[in-house]
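Under UniProt numbering, think of the first position of the sequence shown as 1, with each following residue one higher.
Using N, Cα and C, we set each Cβ at its ideal position, and we do this for glycine too.
Some notes on the structure that comes next.
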Amino acid sequence: MKNALSKQIAKHFRDLHFGGNWTSVSLKEALEDINWEQATTKVYDLNTIAVLVYHVNYYVSAVLKVLEGEPLDASDKLSFNLPPISSEAEWEALKNKTFSEAEQFAARIEQLDDTRFFEEFIESKYGNYYRNITGIIEHTHYHLGQISLIRKMLPQTVVQ
């Protein structure tokens, strides 16, 4: 089967974002009934749900550009710099961007020849494509767990 690895990794990434993965929780489902006030509510000293969504997508967006032939333009220190969200429209825009870029990312992964996964990603210090793409999946699962816990910890007066 041609590009079996790329198709499987793309499916894994899509399932993480849109549902059907092994853990039975997806980013889309976790955010489905969260409004902008909940998404921006600080619980203890944790990041907000909105900041975590921005942070997860920051890396997807950066690597998507690389997969589209552009240079890598990202910095870990900027990955939590969410512009303020002060309306439902701004929250919806962040979610729409996240899910749109997730689908584009999965589509780009599907187009990769399986041998590409073992090629150097930009520079040797970043490892290969496989490490970076599966790292994004692991990273998203990690923060999805945080989002799920923060949802449960939101003050009852905020949760609808």
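**Message:** To test your reading of the DSSP string, which unbroken beta strand (DSSP E) runs of 3 or more residues are found completely within the region 57-97?
**Reply:** Counting only unbroken stretches of 3 or more residues, no beta strand (DSSP E) element lies wholly within the region 57-97.
**Message:** Count Cβ pairs between the region 37-50 and the region 127-140 that sit closer than 8 angstroms; are there 3 or more?
**Reply:** The answer is no - the region 127-140 does not touch the region 37-50, with fewer than three Cβ pairs under 8 angstroms.
**the region 116-130 in contact with the region 47-56 per 3-pair CB rule at 8 angstroms** = Fewer than three pairs of CB atoms, one per stretch, sit closer than 8 angstroms, so the region 116-130 makes no contact with the region 47-56.
**Asked** Which one of 40, 90, 80 and 109 has the shortest CA to CA distance from residue 6?
**Response** The shortest C-alpha to C-alpha distance from residue 6 to any of 40, 90, 80 and 109 is the one to 109.
**Asked** CB-CB under 6 angstroms to residue 39, same chain, minus the five flanking residues each way: which ones, in chain order?
**Response** 49, 50 and 91
**For residue 145 and residue 152, the rounded distance between their alpha carbons** = About 11 angstroms.
**Prompt:** Going by alpha carbons, who is nearest to residue 58 out of 36, 30, 100 and 150?
**Reply:** 100
**Prompt:** Between residue 2 and residue 147, what straight-line distance do the alpha-carbon atoms span, to the nearest angstrom?
**Reply:** Using only the alpha carbons, I get a separation of about 36 angstroms.
**Message:** Using the Cβ count rule (16 or more neighbours within 10 Å means buried), how would you classify residue 26?
**Reply:** Buried.
**For residue 6, the first and last residue of its enclosing alpha helix (DSSP H)** = 4-18
**Message:** With the cut-off set at 9 angstroms, would you say residue 88 and residue 35 are in Cβ contact?
**Reply:** yes
**Residues that residue 128 bridges to, as DSSP identifies them** = 120
**Prompt:** Does the Cβ of residue 77 have 16 or more other Cβ atoms within 10 Å, making it buried, or fewer, making it exposed?
**Reply:** Only exposed fits residue 77, as fewer than 16 other CB atoms lie within 10 angstroms of its CB.
**Prompt:** Which of helix, strand or coil does DSSP assign to residue 43?
**Reply:** coil
**Request:** Tell me whether residue 26 sits in a helix, a strand or coil according to DSSP, three-state version.
**Result:** coil
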